[in-house]
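There are 2 protein chains.
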Amino acid sequence: MTQDNFYQPMMSQAGLKPTFSVLALDEYGLTNEVHIAGESPLTLFIDNKEVVTLMTLGIYPEALTIGYLRNQRFIEYLTEIKSVCVNWDRERVDVVTFKGITEWDRKISKRTITTGCGQGTVFSCSVDKIYHVRLPEVQIKQSYIYALLNALNQYNEIYRQAGAVHGCALCEGTEILYFVEDVGRHNAADTIAGQMWLNQWTGENKVFYTTGRLTSEIVMKAANMGIAILLSRSGVTQMGIELAEQIGVTMIARAKGKHFLVYTGTKNIIFDAIPSMDTVKILDKHYE
Amino acid sequence: MTQDNFYQPMMSQAGLKPTFSVLALDEYGLTNEVHIAGESPLTLFIDNKEVVTLMTLGIYPEALTIGYLRNQRFIEYLTEIKSVCVNWDRERVDVVTFKGITEWDRKISKRTITTGCGQGTVFSCSVDKIYHVRLPEVQIKQSYIYALLNALNQYNEIYRQAGAVHGCALCEGTEILYFVEDVGRHNAADTIAGQMWLNQWTGENKVFYTTGRLTSEIVMKAANMGIAILLSRSGVTQMGIELAEQIGVTMIARAKGKHFLVYTGTKNIIFDAIPSMDTVKILDKHYE
Numbered sequence: 001m002t003q004d005n006f007y008q009p010m011m012s013q014a015g016l017k018p019t020f021s022v023l024a025l026d027e028y029g030l031t032n033e034v035h036i037a038g039e040s041p042l043t044l045f046i047d048n049k050e051v052v053t054l055m056t057l058g059i060y061p062e063a064l065t066i067g068y069l070r071n072q073r074f075i076e077y078l079t080e081i082k083s084v085c086v087n088w089d090r091e092r093v094d095v096v097t098f099k100g101i102t103e104w105d106r107k108i109s110k111r112t113i114t115t116g117c118g119q120g121t122v123f124s125c126s127v128d129k130i131y132h133v134r135l136p137e138v139q140i141k142q143s144y145i146y147a148l149l150n151a152l153n154q155y156n157e158i159y160r161q162a163g164a165v166h167g168c169a170l171c172e173g174t175e176i177l178y179f180v181e182d183v184g185r186h187n188a189a190d191t192i193a194g195q196m197w198l199n200q201w202t203g204e205n206k207v208f209y210t211t212g213r214l215t216s217e218i219v220m221k222a223a224n225m226g227i228a229i230l231l232s233r234s235g236v237t238q239m240g241i242e243l244a245e246q247i248g249v250t251m252i253a254r255a256k257g258k259h260f261l262v263y264t265g266t267k268n269i270i271f272d273a274i275p276s277m278d279t280v281k282i283l284d285k286h287y288e
Numbered sequence: 289m290t291q292d293n294f295y296q297p298m299m300s301q302a303g304l305k306p307t308f309s310v311l312a313l314d315e316y317g318l319t320n321e322v323h324i325a326g327e328s329p330l331t332l333f334i335d336n337k338e339v340v341t342l343m344t345l346g347i348y349p350e351a352l353t354i355g356y357l358r359n360q361r362f363i364e365y366l367t368e369i370k371s372v373c374v375n376w377d378r379e380r381v382d383v384v385t386f387k388g389i390t391e392w393d394r395k396i397s398k399r400t401i402t403t404g405c406g407q408g409t410v411f412s413c414s415v416d417k418i419y420h421v422r423l424p425e426v427q428i429k430q431s432y433i434y435a436l437l438n439a440l441n442q443y444n445e446i447y448r449q450a451g452a453v454h455g456c457a458l459c460e461g462t463e464i465l466y467f468v469e470d471v472g473r474h475n476a477a478d479t480i481a482g483q484m485w486l487n488q489w490t491g492e493n494k495v496f497y498t499t500g501r502l503t504s505e506i507v508m509k510a511a512n513m514g515i516a517i518l519l520s521r522s523g524v525t526q527m528g529i530e531l532a533e534q535i536g537v538t539m540i541a542r543a544k545g546k547h548f549l550v551y552t553g554t555k556n557i558i559f560d561a562i563p564s565m566d567t568v569k570i571l572d573k574h575y576e
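The following block contains the structure:
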């Protein structure tokens, strides 16, 4: 969907190779050549002021940077950004804006560390603003949920090779529009947010899939992207539910094969593909 | 191991109920009563100065607080802490010290957001100091690895009920000394660090187990606790390996059933229980 005023900042294209080959000893004492995920620090500067250091697989650092700034609500419009330049030698990404960041001290001073796998970060200015968001109601067909889960099985390449990554996907109908893996699902989610912004995709009628848990922070990111339906193979938290109910996000979790649980927005599911009792396998729970 | 000068700060005992019962709709359109994990914000203040907000299951908030301060190297000795007081109504924990925190501005000003599930946080003062740590070499028997994995299967109660949590354990020989679950593995790890400090357990001859991935941040936490052996069912990252090699941490990962991979410290494994070829099942990889 292009427009006459389709703006993009000047950007580097500095994606890294995602996996490394290393040697490891197995239970037989035999040496195996295995693949592991990379993990590189990327320190984000806006107009030469340091914001944060992200640890990332490094495949889409520009989209990650832009998405991070969007989801943390440092920047409201893409047109505020003049350039995004990644330099891996210096382990930094420099964002230059046209007019600077408003309310810098307020935005940078308070930190909230959310769940992540313990200590993710959502600047608390995000949390305050999110309660004003109300998403439009969107319905989803059960058959589409199954089609998406099936399509998603084709992805997850890095995971298959190296493990130790999380995947997120932006979906529409039964299609995967964009799939991202990173060592952390918050970075993967922010990368999607960045790509959406750059391509002017709205969250309308989109589904956000993640391999990670649906915590309050992920719900918040989805809301920031305007996406009303979340899909995950993992579980949910109570605060994620509370936030989702407030903003109007539908949470479909523990999704695997034919099984899923709808925690919020139950009225938005169209049950057009209810499985018969004997074709459903109840899979073992796994750690997320 | 008690001593005459076994010091403990004054502490509240304010653990929360870990799971909640909610209703969710399954693939048949039927209502299920399911358990989900709680996720509560806890804002940490030292001498009335705000440090960070952690999202936690909330079962061991005092140990989490103390462990966080230890692992982030805000405080060097437990005897610096006068009191730790959790107040859930105000969603805060107040730590009072006897003499204040040295180098406050330096410790609080730089932030590093590490992998977590995207964006965990390790203040960068931790990173600088960790390269000076050298851990003593410790060996581990393969039979002990299997015994621990077996013992750990008995735990994970909250996970069985609600999913959406990570577990960490402090182990010695074939025993689990202490097992902690939290919505994030960094918080679970910090809680263990706090308990170790309070009980004056050293990391010597201990094994640190986590369901989460062995990233650079987890390696750093283990090193801060003086623990030289890491065990995980999940994968590793390349930066985790680099750091582990530098400090002398043995990484045993992808551990499930009889299978595991040793990424660093291979000479520290005593192969006294090599499985026979036909009893080993190669399990499917899972998302961490």
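Residue numbers (the working numbering), protein chains in the order written: chain X, 1 to 288; chain U, 289 to 576.
Positions of the beta carbon are idealized from the N, C-alpha and C atoms, including for glycine.
In the DSSP annotation of this structure, the continuous segment of the alpha helix (DSSP H) that includes K509(U) starts and ends at 504 to 512.
A straight-line Cα-Cα distance of about 10 Å links Y68(X) and L54(X). Within chain X, not a single residue places a beta-carbon under 8 Å from that of V495(U); the smallest gap is close to 16 Å.
Among the CB atoms of chain X, none fall inside 8 Å of the CB of Y466(U).
Annotated as distal: A223(X) and V262(X), with beta-carbon spacing of 8 Å or more. Using a Cβ-Cβ cut-off of 7 Å, A24(X) is close to L549, V550, Y551 of chain U, given in chain order.
Contact annotation, R380(U) with F333(U): C-beta distance approximately 6 Å; criterion of less than 8 Å satisfied.
With 16 or more other Cβ atoms inside 10 Å of its own Cβ, N475(U) counts as buried. Boundaries of the beta strand (DSSP E) around S328(U): 328 to 334.
Shown here, A302(U) sits in coil according to DSSP, grouped into three states, outside any helix or strand. Annotated three-state conformation of K107(X) is helix, per DSSP. For T210(X) and L149(X), the gap between their C-alpha atoms comes out near 11 Å. If you draw a straight line from the Cα of A516(U) to the Cα of E425(U), it is about 7 Å long. Rounded to the nearest angstrom, the gap between the Cα atoms of H323(U) and G240(X) is 14 Å. By the neighbour-count criterion, in which 16 or more other beta carbons inside 10 Å mark a residue as buried, S431(U) falls on the exposed side. Taking every protein chain shown into account, the CB of M565(U) has fewer than 16 other CB atoms within 10 angstroms, so this residue is exposed.
Within the DSSP secondary-structure output, N375(U) pairs in a beta bridge with R380(U). As for any beta strand (DSSP E) of minimum length 3 sitting wholly inside the segment 443 to 494 of chain U, the runs are 454 to 460, 463 to 470, ordered along the chain. By the CB criterion at 8 Å, L486(U) and I354(U) fall inside the cutoff. Residue pairing for V524(U): DSSP places it in a beta bridge opposite L502(U).
Under DSSP, the beta-bridge partners assigned to A37(X) are T19(X), T525(U). The beta carbon of A351(U) sits no closer than 8 Å to any beta carbon of chain X.
Assignment of R358(U) by DSSP, reduced to helix, strand and coil, places it in the helix class. If you draw a straight line from the Cα of Y146(X) to the Cα of A189(X), it is about 22 Å long.
Cα atoms of C171(X) and L152(X): separation of roughly 10 Å, rounded to the nearest angstrom. Per DSSP, L149(X) is one residue of the alpha helix (DSSP H) stretching across 142 to 152. One thing to note: K141(X) has its Cβ no nearer than 8 Å to the Cβ of I252(X).
At a cut-off of 8 Å between beta carbons, G326(U) contacts chain X. With contacts defined as CB atoms closer than 8 Å, V374(U) and V383(U) fail to qualify as a contacting pair. Within a 10 Å sphere around the beta-carbon of Q442(U) sit fewer than 16 other beta-carbons, which makes this residue exposed. When the beta-carbon positions are compared, Y7(X) and L78(X) come within less than 8 Å of each other. Contact of F333(U) with chain X by beta-carbon distance below 9 Å is absent, the smallest such distance being about 13 Å.
Put simply, the CB of V471(U) is near chain X, with a gap under 8 Å to one of its CB atoms. Here R233(X) is buried, its C-beta having at least 16 other C-beta atoms within 10 Å. Listed in chain order, the non-local C-beta contacts of M11(X) below 6 Å within the same chain comprise E62, V84, local neighbours out to five positions each way being set aside. In the DSSP annotation of this structure, the continuous segment of the beta strand (DSSP E) that includes I540(U) starts and ends at 538 to 544.
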